[in-house]
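Residues in the sequence shown are numbered from 1 upward in steps of one, following UniProt numbering. Each residue gets a CB set at the ideal place from its N, CA and C atoms; glycine is no exception. Structure first, commentary second.
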Amino acid sequence: MDEFEMFLYFYLLYQLYLLVLGFNLQNSPQRRWWVRPANRSRNKDGYFINNYLQLKEIDPEDFFKHTRMTRNLYNRIINLLEPELTKHSIRKPISFECRLALTLSYLSQGVSHQFLAWSFKMGKATVRKIILETCETIWKVLSPLHLPPLAVQDYEHISEEFRSQWNMPHCVGSIDGKYINIKCPPNSGSLYYDHKGNYSIVMLAACNADYCFTFVDVGAYGSQSDGGILSASLFGQALLNKTLPLPADKTLPNSRVQFPHYFVGDSAFPLKDNIMRPYPGKLLDERRRIFNYRLSRARRIIENCFGILVTRWRILQNNVHASPHNATNIVLACVALHNYIKTQSLPQSRYCPPQYIDWEDADGVLHHGEWRNDLSAPLQSVRLGSNNATRTAFQLRDLLSNYFLEEGAVTFQYNRD
């Protein structure tokens with residue numbers, strides 16, 4: 001092939017390329033505009049500029065409703081998230097603070113993407129993308145700081161908190177599992193269809209004595225079998241296989257009884273050496289009744305922890321309109337924000353004031369927390385395993401119940417249901 005033929009060959013090839021390119025452009029849907037005309041003024045009269053920034057400066061109460069934070073806490077989280085949320089583009093990007101403000105409003109108020117699109121003057125697809133990206137960033141940045149893997153000394157500290165605050169020695173956490181309702185995923189059949197008649201994913205979590213999550217596992221199918229949910233989670237595997245870094249067995253306070261460290265759960269959990277659950281039945285003798293009462297006080301922590309989570313982050317009270325993967329990231333972002341605010345706030349903070357959670361008066365009488373009044377529909381509990389307990393597990397529960405009648409007795413435990 002001489003030079004002329006080669007030139008002709010490449011010229012024809014180039015013309016063919018232009019022809020195909022023109023055909024594709026002609027038949028592809030054309031974007032009418034980069035930004036909708038109604039949204040072009042968002043930097044002048046959008047909700048973020050006109051309302052949100054003003055609330056931050058002059059109305060701390062309404063600002064809390066949007067962010068669940070004081071201005072000081074909000075400024076701290078801005079500093080933490082800014083490097084990850086800042087976008088670089090030829091066109092003027094949406095500011096990182098606007099991205100965070102939009103996401104916090106979505107999580108705290110549970111409003112729709114469309115409502116936020118109208119308020120913030122953005123496209124609905126843009127709102128959805130911002131929320132998902134920001135939720136991933138929140139978890140990525142905050143979880144290593146406020147939900148890190150626990151070591152032996154961490155569990156020892158939690159055990160001491162449960163002993164001093166809730167009279168439950170050797171307890172290293174309260175655990176529970178809840179269904180998070182989601183929109184039915186396409187082509188999923190009955191995979192996410194739970195026994196309550198909803199499409200859902202499962203959230204399995206543990207918490208310490210101060211209502212902070214210490215472990216969270218989200219994403220199991222709603223249809224998964226009872227025992228499969230616990231055994232399929234990383235936490236459940238470590239718990240059942242006894243690979244968690246729990247402290248070594250030691251004597252219970254004021255006694256010579258050697259006893260392991262354990263989590264407390266309700267009757268949905270299996271009885272294990274490291275999981276204490278209540279005695280079944282209603283007509284119980286005094287020993288079993290007192291044990292159930294003492295265990296319920298410690299187990300109530302995780303119930304309140306979930307209660308605070310879903311009433312402060314109201315998106316979790318609705319069907320989360322997202323894929324299971326994206327719904328998982330939304331839940332994890334709420335958990336990370338909960339721990340961040342809870343650990344950084346004073347006890348009298350607006351996020352979780354004393355009577356917002358269940359509390360006991362001087363006579364030991366239980367009073368329900370205010371969060372229960374803010375709950376439109378409680379999260380449904382998950383059954384996490386059968387009660388195929390070993391003889392050792394039964395013996396350990398009996399040993400602990402006897403201890404509560406003797407060296408570990410407290411005066412207010414009598415005549416309590």
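Looking at the DSSP output, Y193 sits in a beta bridge with Y199. The count of Cβ pairs closer than 8 Å, one atom from the segment 280-289 and one from the segment 168-179, stays below three, leaving the stretches out of contact. The C-alpha of Q344 lies about 34 Å from the C-alpha of A409. For the set P245, L283, G281, the Cα lying nearest the Cα of N274 is the one of P245.
K178 sits in a strand when the DSSP states are folded into three classes.
Rounded to whole angstroms, L283 and N415 show a C-alpha spacing of 14 Å. In the three-state reduction of the DSSP assignment, T251 falls in the strand class. In the DSSP assignment, Y262 is bridged to C171. DSSP places F269 outside both helix and strand once states are collapsed to three, so it counts as coil. Here the C-alpha atom of W166 lies approximately 18 Å from the C-alpha atom of T251.
Three or more Cβ pairs closer than 8 Å define a contact, and the segment 152-160 falls short of that threshold against the segment 126-133. One alpha carbon belongs to T390, the other to E406, and they sit about 25 Å apart. L73 and L396 have their alpha carbons spaced roughly 44 Å apart. In the DSSP secondary-structure assignment, S381 is bridged to K178. Within the same chain, and ignoring the five residues on either side of N329 in sequence, the residues whose Cβ sits closer than 7 Å to its Cβ are L132, C135, E136, W139.
With a cutoff of 8 Å on beta-carbon distance, S255 and Q317 are scored as not near each other.
In the DSSP assignment, V141 falls within the alpha helix (DSSP H) that extends over 124-146. At a Cβ-Cβ threshold of 8 Å, A336 and H170 do not count as neighbours.
Ranked by Cα distance from G219, the first of A205, V365, I302 is A205.
Bounds of the beta strand (DSSP E) holding T214 are 213-221. For C334, the enclosing alpha helix (DSSP H) has its first and last residue at 324-344. Between N319 and I182, the C-beta spacing is below 8 Å. The shortest CA-to-CA distance from S381 to any of L81, L104, M69, M203 is the one to M203.
Per DSSP, reduced to three states, the secondary structure at V320 is strand.
Per the coordinates, the alpha-carbon of D249 lies some 20 Å from the alpha-carbon of F235. At a Cβ-Cβ threshold of 8 Å, G369 and F412 do not count as neighbours. Nearest Cα to K242 within the set Q224, H261, V257: H261. I308 sits away from R68, with the two beta carbons spaced by 8 Å or more.
Around the beta carbon of F394, a 10 Å sphere encloses fewer than 16 other beta carbons of the protein chains shown; the residue is thus reported as exposed.
For the pair F263 and S349, the CB atoms are not nearer than the 8 Å cut-off. Annotation for R297: the continuous alpha helix (DSSP H) segment containing it runs 286-312. Taking C-beta separations shorter than 8 Å and ignoring five residues to either side along the sequence, the partners of Y211 in its chain run I301, N304, C305, I308, K342, C352, I357, following chain order. For K56, the enclosing alpha helix (DSSP H) begins and ends at 53-58.
Residue burial annotation: V152 is exposed, with fewer than 16 other C-beta atoms found within 10 angstroms of its C-beta. Nearest in C-alpha terms to L271, of all of N388, T86, W118, V111, is N388. Note that the C-beta distance between G222 and S188 is not below 8 Å.
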